[in-house]
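>
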Amino acid sequence: MARSALMSPSKLSKIENAKLAPSATDVERILTAIGVSNEVKAEYTEAARASATEATAWRLLKRIGVHKGQQAAKALEAQMSTLRLFQPALVPGLLQTPEYIRAVLKRHNLSEDALTRTINGRLERQAVLYDSTKSLQFVITEPVLRWRTVPPQMLAAQLDRIASISRLPHVDVRVVPLAIQQHDIANHAFVIRDDHMVTIETVHAEVVVTDPRDVGLYVDKFNGFAAVALAGDRMRSLLEDIRNDFLREQETG
1 MARSALMSPS
11 KLSKIENAKL
21 APSATDVERI
31 LTAIGVSNEV
41 KAEYTEAARA
51 SATEATAWRL
61 LKRIGVHKGQ
71 QAAKALEAQM
81 STLRLFQPAL
91 VPGLLQTPEY
101 IRAVLKRHNL
111 SEDALTRTIN
121 GRLERQAVLY
131 DSTKSLQFVI
141 TEPVLRWRTV
151 PPQMLAAQLD
161 RIASISRLPH
171 VDVRVVPLAI
181 QQHDIANHAF
191 VIRDDHMVTI
201 ETVHAEVVVT
211 DPRDVGLYVD
221 KFNGFAAVAL
231 AGDRMRSLLE
241 DIRNDFLREQ
251 ETG
């Protein structure tokens, strides 16, 4: 049962003995594993979603192992069919180069072993980019591409990777340019999976929202930014301009 539900036996035991409240995702996985009808699954999952807003502090994730967060994300991404990700702060993890990943994770003061395991976990997650059965949509703001997370030459390589991934037929990468007036605020990063779960990254925690009314707010926000963002060749042209700026800077030292 635990294996079919993609959770540890200890976690399943705690849920069964009312020592741990299951998330909406937990409920859906358990009901799928035991083979209940779609009608029953929809009823119980909806009840769980209606009351579910979960927050997991980053300090807790660090204590149990940041790499395990990558494993959990990988499991979710394996089950989903559609992902929509908005990122106004960093290059999305699924698009990051190894050097960029290392620079981002080093701020967590992880041991070298934990850092290596987490980097490897994130790189393993990127296999989902090549699964043509999924629809992957990314909206990034232009300042993300200019933020000096790594040296100029590494940033140029990062932009090359984004451009390359954007050519996959089932992947849509868009960039909200600085040159146009905006009518919304890029508050924080969030990920929408299959339009029924949103994961939000805040300073202190990762928050998961499953109430359909709240999920709808994030879908609308994503669609609003996607509508004004550059896509396709226009997006790649912007990437090339920024990349060339970094390379010229590198050459002039």
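For reference, each letter of the sequence shown is one residue, going 1 to 253 in this note's numbering. Don't be surprised by glycine CBs; every beta carbon is placed ideally from N, CA and C.
Alpha carbon to alpha carbon, how far is Glu-124 from Glu-43?
Position 124 of the sequence shown, counted from the start, is the residue given in the question as residue 124. Position 43 of the sequence shown, counted from the start, is the residue given in the question as residue 43. C-alpha separation (whole angstroms): 34 angstroms.
> Go to Met-235, then tell me how far its alpha helix (DSSP H) extends in each direction, as first and last residue.
Locating residue 235 in the sequence shown gives position 235, counting from the first residue. Segment 232-252, the alpha helix (DSSP H) holding Met-235.
> With the cut-off set at 8 angstroms, would you say Ala-189 and Pro-88 are in Cβ contact?
The residue given as residue 189 occupies position 189 in the sequence shown. The residue given as residue 88 occupies position 88 in the sequence shown. Contact: yes.
> In this structure, how does DSSP classify Leu-12 when only helix, strand and coil are distinguished?
Within the sequence shown, residue 12 is the residue found at index 12, counting from 1. Note: Leu-12 maps to helix in three-state DSSP.
> What whole-angstrom Cβ distance do Met-197 and Lys-134 have, given they're in contact under 8 angstroms?
Working through the sequence shown from its first residue, we reach residue 197 at position 197. Working through the sequence shown from its first residue, we reach residue 134 at position 134. Contact flag wrong, Cβ pair sits at about 15 angstroms.
> Once DSSP output is grouped into helix, strand and coil, what is the label at Arg-174?
Locating residue 174 in the sequence shown gives position 174, where the first residue counts as 1. Strand, per DSSP.
> Alpha carbon to alpha carbon, how far is Gln-250 from Leu-238? Give it in angstroms, no decimals.
Walking along the sequence shown from the start, residue 238 turns up at place 238. Walking along the sequence shown from the start, residue 250 turns up at place 250. Leu-238 and Gln-250: Cα-Cα distance of roughly 19 angstroms.
> Name the DSSP beta bridge partners of Leu-197, please?
On the sequence shown, residue 197 is found 197 positions in, with the first residue counted as 1. Checking the displayed sequence, the identity of residue 197 turns out to be Met instead of Leu. Paired residues: Arg-193.
> So that I know if they touch, is there some Cβ in chain B lying closer than 8 angstroms to that of His-108?
The structure shown contains no chain B, having only a single protein chain.
> For Leu-136, does the three-state DSSP call read helix, strand or coil?
Here residue 136 refers to the residue found at position 136 of the sequence shown. Reduced to three states, the DSSP call for Leu-136 is strand.
> According to DSSP, simplified to helix, strand and coil, what is Val-91?
Locating residue 91 in the sequence shown gives position 91, counting from the first residue. Val-91: coil per DSSP, three-state reduction.
> So Leu-145 and Leu-94 are supposed to be a Cβ contact under 8 angstroms. How far apart are they, rounded?
Counting from one through the sequence shown, the residue named residue 145 turns up at place 145. Counting from one through the sequence shown, the residue named residue 94 turns up at place 94. About 16 angstroms; that fails the 8 angstroms criterion.
> Which residues mark the beginning and the end of the alpha helix (DSSP H) in which Ala-114 is found?
Reading the sequence shown from its first residue, position 114 is the one you call residue 114. Segment 112-125, the alpha helix (DSSP H) holding Ala-114.
> Please report the straight-line C-alpha distance between Ser-166 and Asn-187, rounded to a whole angstrom.
The residue you call residue 166 lines up with position 166 of the sequence shown. The residue you call residue 187 lines up with position 187 of the sequence shown. Those two C-alpha atoms are separated by around 24 angstroms.
> I need the straight-line Cα distance from Ser-23 to Thr-45, nearest angstrom please.
Within the sequence shown, numbered from 1, the residue matching residue 23 stands at position 23. Within the sequence shown, numbered from 1, the residue matching residue 45 stands at position 45. The straight-line gap from Cα to Cα measures roughly 9 angstroms.
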